[in-house]
Every structure is written in structure tokens, then in C-alpha cells.
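Enquirer:
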Amino acid sequence: MRAPPTRIANLTDLLHAAARGRKTLVPKYPKILVGMASCGLAAGADEVYEAIQEEIARLQLPYVVASTGCVGWCSQEPLVDVCLPHKPRITYGRMDPHKARQLVQGLRDGQLKSEWAIGLLTGHDEPVARTRTRYSKLSAHVDGVPRYEDLDLFRHQVRLVTRNCGVIDPASLDEYIARSGYFALHWALTAMRPEEIIKEVVGSGLRGRGGAGFPTGKKWEVMRRQPATPKYIICNADEGDPGAYMDRAVLEGDPHTVLEGMTIGAYAMGASEGVIYVREEYPLAVKRMLEAIAQAESAGLLGDNIFHSGFNFRIRVVRGAGAFVCGEETALIASVEGRVGEPRQRPPYPAQSGLGGKPTCINNVETWANIPVIVMRGGDWYARMGTKSSKGTKVFCLVGAIKNPTLIEVPMGITLRQIVYEIGGGVPQGRKFKAIQTGGPSGGCIPESMLDLEVDYESLTQAGAIMGSGGMIVMDSSTCMVDIARYFLTFLADESCGKCFSCRKGLQRMRQIVTRITEGRGSEADLELIEDLGWMVRETSLCGLGQTAPNPVLSTLRYFRDEYLAHVREKRCPAKVCKELITYRIEPTLCDGCGACVRVCTSAAILGEKKKTHTIDNARCIKCGSCLEVCQAQAVIVE
Amino acid sequence: MSATADIDAILGSRWERAENLIPVLQDIQSRFHYLPEAALRAVAQRFRVPLPQVFHVATFYNCFSLEPRGRHHVQVCLGTACHVRGGQRILDKVLRELNLPASGTTADFEFTVEPVRCLGCCALAPVMRVDQRTYGQLQQSRVPKVLKGYRKPALATA
Numbered sequence: 000m001r002a003p004p005t006r007i008a009n010l011t012d013l014l015h016a017a018a019r020g021r022k023t024l025v026p027k028y029p030k031i032l033v034g035m036a037s038c039g040l041a042a043g044a045d046e047v048y049e050a051i052q053e054e055i056a057r058l059q060l061p062y063v064v065a066s067t068g069c070v071g072w073c074s075q076e077p078l079v080d081v082c083l084p085h086k087p088r089i090t091y092g093r094m095d096p097h098k099a100r101q102l103v104q105g106l107r108d109g110q111l112k113s114e115w116a117i118g119l120l121t122g123h124d125e126p127v128a129r130t131r132t133r134y135s136k137l138s139a140h141v142d143g144v145p146r147y148e149d150l151d152l153f154r155h156q157v158r159l160v161t162r163n164c165g166v167i168d169p170a171s172l173d174e175y176i177a178r179s180g181y182f183a184l185h186w187a188l189t190a191m192r193p194e195e196i197i198k199e200v201v202g203s204g205l206r207g208r209g210g211a212g213f214p215t216g217k218k219w220e221v222m223r224r225q226p227a228t229p230k231y232i233i234c235n236a237d238e239g240d241p242g243a244y245m246d247r248a249v250l251e252g253d254p255h256t257v258l259e260g261m262t263i264g265a266y267a268m269g270a271s272e273g274v275i276y277v278r279e280e281y282p283l284a285v286k287r288m289l290e291a292i293a294q295a296e297s298a299g300l301l302g303d304n305i306f307h308s309g310f311n312f313r314i315r316v317v318r319g320a321g322a323f324v325c326g327e328e329t330a331l332i333a334s335v336e337g338r339v340g341e342p343r344q345r346p347p348y349p350a351q352s353g354l355g356g357k358p359t360c361i362n363n364v365e366t367w368a369n370i371p372v373i374v375m376r377g378g379d380w381y382a383r384m385g386t387k388s389s390k391g392t393k394v395f396c397l398v399g400a401i402k403n404p405t406l407i408e409v410p411m412g413i414t415l416r417q418i419v420y421e422i423g424g425g426v427p428q429g430r431k432f433k434a435i436q437t438g439g440p441s442g443g444c445i446p447e448s449m450l451d452l453e454v455d456y457e458s459l460t461q462a463g464a465i466m467g468s469g470g471m472i473v474m475d476s477s478t479c480m481v482d483i484a485r486y487f488l489t490f491l492a493d494e495s496c497g498k499c500f501s502c503r504k505g506l507q508r509m510r511q512i513v514t515r516i517t518e519g520r521g522s523e524a525d526l527e528l529i530e531d532l533g534w535m536v537r538e539t540s541l542c543g544l545g546q547t548a549p550n551p552v553l554s555t556l557r558y559f560r561d562e563y564l565a566h567v568r569e570k571r572c573p574a575k576v577c578k579e580l581i582t583y584r585i586e587p588t589l590c591d592g593c594g595a596c597v598r599v600c601t602s603a604a605i606l607g608e609k610k611k612t613h614t615i616d617n618a619r620c621i622k623c624g625s626c627l628e629v630c631q632a633q634a635v636i637v638e
Numbered sequence: 000m001s002a003t004a005d006i007d008a009i010l011g012s013r014w015e016r017a018e019n020l021i022p023v024l025q026d027i028q029s030r031f032h033y034l035p036e037a038a039l040r041a042v043a044q045r046f047r048v049p050l051p052q053v054f055h056v057a058t059f060y061n062c063f064s065l066e067p068r069g070r071h072h073v074q075v076c077l078g079t080a081c082h083v084r085g086g087q088r089i090l091d092k093v094l095r096e097l098n099l100p101a102s103g104t105t106a107d108f109e110f111t112v113e114p115v116r117c118l119g120c121c122a123l124a125p126v127m128r129v130d131q132r133t134y135g136q137l138q139q140s141r142v143p144k145v146l147k148g149y150r151k152p153a154l155a156t157a
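Chains A and B, in that order, are what the protein sequence lines are. Using numbering that gives the first Met the number 0, read the first sequence as starting at 0 and increasing by one per residue. Using numbering that gives the first Met the number 0, read the second sequence as starting at 0 and increasing by one per residue.
1) Return yes when the Cβ of Val536/A is within less than 7 angstroms of the Cβ of Cys502/A, no when it is not.
2) For Leu50/B and Phe59/B, I'd like the C-alpha separation in whole angstroms.
3) For a test of the three-state rule: what should DSSP assign to Asn19/B, helix, strand or coil?
4) What are the start and end residues of each continuous alpha helix (DSSP H) run of 4 or more residues lying completely inside the region 487-574 of chain A, in chain order?
5) Can you give me, in chain order, the residues of the region 90-104 of chain B that have a beta carbon less than 8 angstroms from any beta carbon in chain A?
6) Which runs of the beta strand (DSSP E) spanning at least 3 residues fall entirely within the region 198-268 of chain A, listed in chain order?
7) Residues of the region 33-64 of chain B with a CB closer than 8 angstroms to any CB of chain A: list them in chain order, please.
8) Beta carbons nearer than 7 angstroms to chain B: which residues of the region 33-45 of chain A have them?
9) Between the alpha carbons of Pro100/B and Gly497/A, how many angstroms are there, rounded?
10) Any idea which residues DSSP pairs Gln436/A with across the strands?
11) At a Cβ threshold of 7 angstroms, is Arg247/A touching chain B?
12) For a test of the three-state rule: what should DSSP assign to Ile413/A, helix, strand or coil?
13) Would you call the region 95-106 of chain A and the region 117-132 of chain A touching, i.e. three or more CB-CB distances under 8 angstroms?
14) In the structure shown, what three-state DSSP assignment does Leu118/A receive?
15) Tell me the DSSP secondary structure of Gln59/A in three-state form.
16) Under the assumption that Thr79/B contacts Gly521/A (Cβ atoms under 8 angstroms), give the Cβ distance between them as a whole number of angstroms.
17) Run through the region 363-407 of chain A for me and flag every whole alpha helix (DSSP H) of 4 or more residues, listed as ranges in chain order.
18) Note down, in chain order, each residue of its chain lying with its Cβ closer than 6 angstroms to the Cβ of Asp246/A, except the 5 sequence neighbours on either side.
19) For Glu527/A, does the count of other Cβ atoms within 10 angstroms reach 16, so buried, or fall short, so exposed?
20) I'd like the ranges of any alpha helix (DSSP H) spanning at least 4 consecutive residues and lying wholly in the region 48-106 of chain A.
21) Within 7 angstroms of any Cβ in chain B, is that where the Cβ of Thr262/A sits?
22) Whole-angstrom Cβ separation of Cys291/A and Asp168/A, contact assumed at under 8 angstroms?
23) How would you call His82/B, buried or exposed, if buried means at least 16 neighbouring beta carbons within 10 angstroms?
24) Taking one C-beta from the region 183-201 of chain A and one from the region 426-442 of chain A each time, how about it: are there three or more such pairs within less than 8 angstroms?
25) Can you tell me whether DSSP reads Glu148/A as helix, strand or coil?
26) Between which two residues does the alpha helix (DSSP H) holding Lys144/B run?
27) Within its chain, find whatever has a CB closer than 7 angstroms to the CB of Thr133/B; leave out the 5 residues flanking it on each side and keep chain order.
28) Name, going along the chain, the residues of the region 130-151 of chain B whose beta-carbon falls closer than 9 angstroms to a beta-carbon of chain A.
29) To which residues does DSSP link Asp124/A through a beta bridge?
30) Looking only at its chain, what residues have a beta carbon closer than 8 angstroms to the beta carbon of Asp151/A, apart from the 5 residues adjacent to it on each side?
31) Per DSSP, which residues does Arg313/A bridge with? Please list them.
32) Roughly how many angstroms separate the alpha carbons of His85/A and Asp149/A, rounded to a whole number?
33) Name the chain A residues whose beta carbon is nearer than 7 angstroms to that of Leu118/B?
34) Which word fits Thr228/A, buried or exposed, when buried means at least 16 other C-beta atoms lie within 10 angstroms of its C-beta?
35) Taking Cβ-Cβ distances shorter than 7 angstroms, what residues in chain B pair up with Thr601/A?
36) In the DSSP assignment, find the alpha helix (DSSP H) that holds His15/A and state where it starts and stops.
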């Protein structure tokens, strides 16, 4: 049982809490940590956790098992970390309950099971206070296990926003404070004037991490100047872009950093109430934030007279209801007010007239999480990282056709090639890289020839994509770019709120035309038509959804026109994806007649006796791909 | 407890603030697994807003359903990463397994199958969620096994 939280009202209280947190963060007893964010749980982390707990109890060992957030090593989930006193922390990948039990038994017998270990850590950098959480003074020395800093995955990373993800127990306020949490808030409230904070944020060059990249400091200055009260701030955690989950990782892995960032922002802008708008598809994130708010309230870090400064601030959580458009700020405000999420004309901007007609500042999760670091280390320090126009670091989710799917935080200006090949390990199964999709449904597909692009807001926009929230989906030769265009158009046509005719009808028409092309019924004139329609939707829609909706189609047309032409001229899908344009057959020279395909075939389309070559009856085949999945001899050919 | 009493309990004193409309509907949705017409009428009356306005909100957001949903909620992720890795095939497989022509609810009200935009577990694509539990790195061949665990015991052995 956790002790009831004590009130934290001054620096001494903070230091006491930090000392308490260090006792569990770097304990004097062996501690086993399990990564229990949503993705870890999906991979089976809860069973691993239970197995470890049972084994410790069964063997009556003085060990403690705890949960932590997502370190970003997604390809190795479920992850288990072992922290022995004065020893480097060891990470084990792809654990299961059986291996977990053996791991505990091994630890009892003094064996580290290094064959399952995938990384070693002597400590974690602590960027807020420029220190380091140290596990071991010695450098790493467990047989053959690489150190994190030598791994390609972590070598390029600078972790500011994700500094505590996978390090602390997200349910422990003390551990957050032990990692210098709430010291920035204390400093801001007791030693800085609001104008000084805004000056640092302006100086940092921080731009909105939700996608559009509006300078955060500038937004704050406008807010600060508004005479109307009360003022509100909102944390936009409606992470709707498919393929992006960094906000979820932060909310689940380090909820207090979001609260601290928001509270500092509220003080700087003179706001008295905050809202965190979380999408309902993230139940664990909602739970973590509610827990964190309750902890902060009972410790006095939210509420009245925080750190005896006379500053009052409260935060509440509002659950989204499943509408992509609510990521747009005016639609989000409408949703918080209990109405349908339809965007409205700007100006007036929310900073002038937002929630309930009062000044409202909306920033994304990642933006808020940067604030404690910027306030403590100064805007100049932050601005030293990145490119001329885009400063600091950015969190990316690298997924799709990639060897090591991962969540990374890297300085702006890193090249796409470094991200895909050095960090992600390239494309698996010997396939060929085709494109990287950034920016979600508002973004675009960037081809191989542009992989040396240095990533920042401007360069991605020039390439026909956008930064967006930071999802990066790698596509290989098995992905059809026309099908991708159809996919995004379907998404956007469904999610268009319907307010603007051009977006509502334009996207439906574009979807129809592209679907026609994927079915082999398109013509070359269709390509011009979708370009025209795309231009029209972009120029005549009110909000960001409509204005960027044509990007996926236009960018694929720009870089992969030959694929469109193959569909319309030759009625052929080069990637062999579009169902109407492909057929399945079994290569007689490869088929060993094992019968696996016959058993899984849902439409009884595969004929042939055991041990003899099988054939597919194309009249019956529904092209579900089940046979392709089970054939060990790779005899199923798609043409 | 009767359904009306449930709705009254959910409403509490929250009708006093218009901004509580969506949270109230969310609570009704999670209690009944859909929004019954009687509940929408009661909500409109208590919030003192026209029924069409409540209907507008209830049909705008994806998390609400006006049709009764099945006992188990199957959400197959069709986010970009899942799409690239064959999410659509998983959805088709689930529908075939449950004899559904398209997304919707089975005749015995055991399952409701719906595609979902993104569950945020993209590294484990393709992914699906049944009730609270998420399954990653799915293959079509694993789908029947996953669903079997949620069928009624009598049916599971059949």
C-alpha cells in the first residue's frame, strides 16, 4: 500500500518527496519493472506481471515488482527491467509468463539470464535538472549485452518529452518528483514573473506539436494580453492521427509532466482552469490522468495557493466521443461545451474567444510536456537543438513495414534515412522501401528519392506532406499507393463533419473516383479530375481537415503516378493489393500438397488431394489471403 | 433497478450544465451499450434542449450507437499501420467467422463488430480489441481462437 500523500507546499517538501521517490526509483532491494502501457498490455504484459508477482510470493523473495510506462522499444514488448542494487538496469525483451518465472528463479540463484537481455543501462539522463538517475557507477559489463547508448535505436535519441516514460512508475508522484518533477513549477511560481516565462518559451522557438506548428510562445503572448477572465487552457489529447501514439505514451507513462506543463502555462497566461481532452479510445490514459490529478490535488500541487504563491489552478478531464475532427481546436471547444464538433471560422482565435467565449489556449500533449524542461533549462538551451525554423526535439512513431517499430524522440533536423534505416533497421523480409507516410490523413507519402530530407515543419510541407503529430508509417513494395489514397479518402470522407459542402461532397466524389481506379474501371481523365477536385477541396474548406485532406492523394499522384497509370491503362495493380485486379494461383513446382491451405480456405476454392499439387478455383476464390498466410512452401502466388 | 431509475441516477444534477450532455450520453451508452430512445427523450427533457439537438450529438460521435449492441464489442483497428499490415483482411475474417455480411451485431446479440480508427498500438499491427482486451500481431488463422474465448460456453464446444 502506498502511504497517503503529504502536502507539498515548499522546496523542503519537494526535496522530501524526491528522497522518498528515490527510495523506490533506485531501491536498495531488487526491483522488477514491467512495461504496462497499452501496447505492452496488448502484448501480454499483465500476464507477465502476474507471473512475476506469483513467483516472488511462492519463493518468498524480498523482491518488488512494479509497473512502468513505454520506453518505446515496441518491437520487443512485453519488456521487463531488472534493477539490482548498485548494478546496471537490465532490459529483457519478448517476455512471457514462463520466461518471467524462470527469470525470477534465475535471480534468486544469482543468474542474470543474459541470453534474453537486450539492453543495459547505467542510468537515465534527467534533462530538467541536468543530472542523471544513476543505477550503477560501473560501466556495463554483463556478458555480451549491449548498452542502450550503443544501440542504433537509442544512439540518436534525446529524450525530453519522454524523459520519464519507461523510467518511473506512472502512478507514483514521488518518483516523478525524484526525477526533478514539479521543481520547474516551483521555480516558475516562486522566482519568475509570468512575462519571463513567456519570454523563455518564445526564445525556445517551440512550435505546436499537434501538427500545424504555430509558435507556442506567440500564442501565449496573445493569451496573456487578453483582459477577459476567466481564462482557460486546454490540453489537446485527442490523438486522432492513425499511426501516432506518442501522446498516449506520455499520458500513460508520465502523466504528471503534462499537469506540470499546463500549470506553468496557466500561471504564465493567467488562466484559472484547465481541461484535458482525451480520446475515449485510450481508456488507460484517461485512468492515469484522473489518478495523477487526484494525487496532485491532495498534495496541493493543483488547487488553491499552489506553493504559497497565491496562484489557483484546477484541471479536469473530458473524454472525447470518437470524432477525428475534434482535434481541430474550434471543434474541440464545441465538443467540450457539449455540442457537435463542428469547426468555426477564425478569427476570433480561441486565444481571444474560446471556451464559453473566454480566452482559451489549446496546446497538444507533447507541447505541454516540453514546458517544464524549457522553464528549467531556458529557452536558449532548447533552441540550440534542431533546425533554423524548428527547434528542439520531436517524438515520432515509426511503424508499418519496418524491422523495429518504435517510439523515438530525436532532435529536429535528423534525416528520414537515419530514422528509417539506422533507427528502424530498414524494411523487413528483403522487400524494397517504397514510401514513408507522415502527418496522418492530412499528410503525404514521401518517396525513396527524398529520404535525405532533414525533418522539420517546412521541409515536410514542401515535400507535400506535413509534420502532423509525428506518426511515420513505412510502406514497402507490398503496399499499393492507389489503395493508400483510397484508404485515406475513405477515412476523411467518413470523418468530415459535413459543415462545408466542398469537403463533404468533394471527398466523397474523390473516394468514388479513386475506388473506381482500384477496381480497374478508371481512365486517365480521372487523374486530372481528382487533381482538380483536390485543389478545390483545399482552397474552399474552412478548417485544417478539409484544407489538408487532398494531401494523401496529391502526394501519391505526384510521386507514384506510374502506379496510378498501371491501374488505369493496364488494369494492373503493381503491388498486388487491389482485389479486383489480382488472382491467386498455386505454383505446382513449389506445392508439396500439405493441405494447410485447403483447411483454411473459407470458400472451398482449393482443390487437390493430400501429397498432390493443389489448384485454386478462381470462380470460387474470394481472395481473402488465408492460403497465402499459411503456405510454408510459399507456393501461393498472387498475380 | 428499472431503466428509468438508472437514467435518473446517471443524470443526477448534471443536467444543470449544458456541457455535461456528452458525458451523460457516454454514461448511458456504457450502461446500456446503446442509447435507448427513452433515454434520449429523458435527456432532452432534463437538459431542456430540443430532442433533435440531442439526436444530432448522438449521431455525430462514433462512440454512440442508437442500435442495441452485442454482449461483446469487437473493434478491429483500421489505422494506417494496421491497414498496411492487413487489418482489412482481419476484419473480413472476423465477419466471416461470425456470419455477418458487414459490420454490425450478430443475431444472437453476442458480438458487435466495428472497425475502429486507431487503437494506438501501431507497432503491434494488425490489432483488434475485444471488450477491454487488445490482441496484437494478428493473423487470420488466430482470429477463430480469439473469438472462441468469448462465445457462450455451449456454443464454444459445438
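Glycine included, C-beta positions come from ideal geometry on N, C-alpha and C. Treat the numbers as computed from the prediction; the structure is a model and nothing was measured.
Expert: With the given structure in hand:
1) Residue numbering aside, residue 502/A sits at position 503 when the first sequence is read from its first letter. Residue numbering aside, residue 536/A sits at position 537 when the first sequence is read from its first letter. In this structure, Val536/A lies closer than 7 angstroms to Cys502/A by Cβ.
2) Residue mapping note: residue 50/B aligns to position 51 of the second sequence, counting from 1. Residue mapping note: residue 59/B aligns to position 60 of the second sequence, counting from 1. Rounded to the nearest angstrom, the two C-alpha atoms are 14 angstroms apart.
3) Position 20 of the second sequence holds residue 19/B. Asn19/B: helix per DSSP, three-state reduction.
4) 500-517, 523-539, 543-547, 550-558 and 560-568
5) Asp91, Lys92 and Arg95
6) 231-236
7) His55, Val56, Phe59, Tyr60, Asn61, Cys62 and Phe63
8) Ser37, Cys38, Leu40, Ala41 and Ala42
9) Taking the first residue of the second sequence as position 1, residue 100/B is located at position 101. Taking the first residue of the first sequence as position 1, residue 497/A is located at position 498. Approximately 28 angstroms between the Cα atoms of the pair.
10) Within the first sequence, the letter at position 437 stands for residue 436/A. Paired residues: Cys444/A and Ile472/A.
11) Taking the first residue of the first sequence as position 1, residue 247/A is located at position 248. At least one chain B Cβ lies under 7 angstroms of Arg247/A.
12) Here residue 413/A refers to the residue found at position 414 of the first sequence. In the structure shown, Ile413/A sits in coil (DSSP, three-state: anything other than H, G, I, E or B).
13) no
14) As a working note, residue 118/A is residue 119 in the first sequence. The sequence given here has Gly at residue 118/A, not Leu. Strand, per DSSP.
15) Here residue 59/A is taken as the residue at index 60 of the first sequence, counted from 1. Here Gln59/A sits in coil by DSSP.
16) Locating residue 79/B in the second sequence gives position 80, where the first residue counts as 1. Locating residue 521/A in the first sequence gives position 522, where the first residue counts as 1. Actually they are not in contact, since the Cβ atoms of Thr79/B and Gly521/A sit about 23 angstroms apart, beyond 8 angstroms.
17) 364-376 and 378-382
18) Taking the first sequence and counting its residues from 1, the one referred to as residue 246/A is at position 247. So the list reads Ala236, Glu238 and Val364, once near-sequence residues are dropped.
19) Sequence index remark: in the first sequence, residue 527/A carries index 528 (1-based). Exposed: under 16 other Cβ atoms inside 10 Å.
20) none
21) The residue you call residue 262/A lines up with position 263 of the first sequence. No - not a single Cβ of chain B is within 7 angstroms of the one on Thr262/A.
22) Here the question's residue 291/A lines up with position 292 in the first sequence. Here the question's residue 168/A lines up with position 169 in the first sequence. What sits at residue 291/A in the sequence shown is Ala, not Cys. The Cβ separation is near 12 angstroms, so there is no contact.
23) Against the second sequence, residue 82/B aligns to sequence position 83. Per the 10 Å Cβ criterion, buried.
24) no
25) Along the first sequence, one-based indexing puts residue 148/A at 149. In the structure shown, Glu148/A sits in a helix (DSSP, three-state: H, G or I).
26) Start at 1 with the first residue of the second sequence, and residue 144/B comes out as number 145. It spans Val142 to Lys147 - the alpha helix (DSSP H) in which Lys144/B sits, taken as one unbroken run.
27) Stepping through the second sequence from its first residue, residue 133/B is reached at position 134. Hits under 7 angstroms: Leu118, Cys120 and Val126.
28) Gln131, Arg132, Thr133, Tyr134, Gly135, Gln136, Gln138, Gln139 and Ser140
29) The count along the first sequence starts at 1 and reaches residue 124/A at position 125. Beta-bridge pairing links Asp124/A to Arg131/A.
30) Reading the first sequence from its first residue, position 152 is the one you call residue 151/A. For Asp151/A, where only same-chain residues beyond five positions count, the Cβ hits under 8 angstroms are Glu421, Ile422 and Gly424.
31) The count along the first sequence starts at 1 and reaches residue 313/A at position 314. In DSSP, Arg313/A forms a bridge with Glu272/A.
32) Within the first sequence, numbered from 1, the residue matching residue 85/A stands at position 86. Within the first sequence, numbered from 1, the residue matching residue 149/A stands at position 150. So the two alpha carbons sit approximately 21 angstroms from each other.
33) Translated into positions along the second sequence, residue 118/B becomes position 119. Those within 7 angstroms of Leu118/B in chain A are Glu280.
34) As a working mapping, residue 228/A is identified with position 229 in the first sequence. Its Cβ having fewer than 16 others within 10 Å, Thr228/A is exposed.
35) Looking up residue 601/A in the first sequence gives position 602. Neighbours of Thr601/A on chain B, chain order: Arg95.
36) To locate residue 15/A, count along the first sequence from 1; it is residue 16. Start and end: Leu10 to Leu24.
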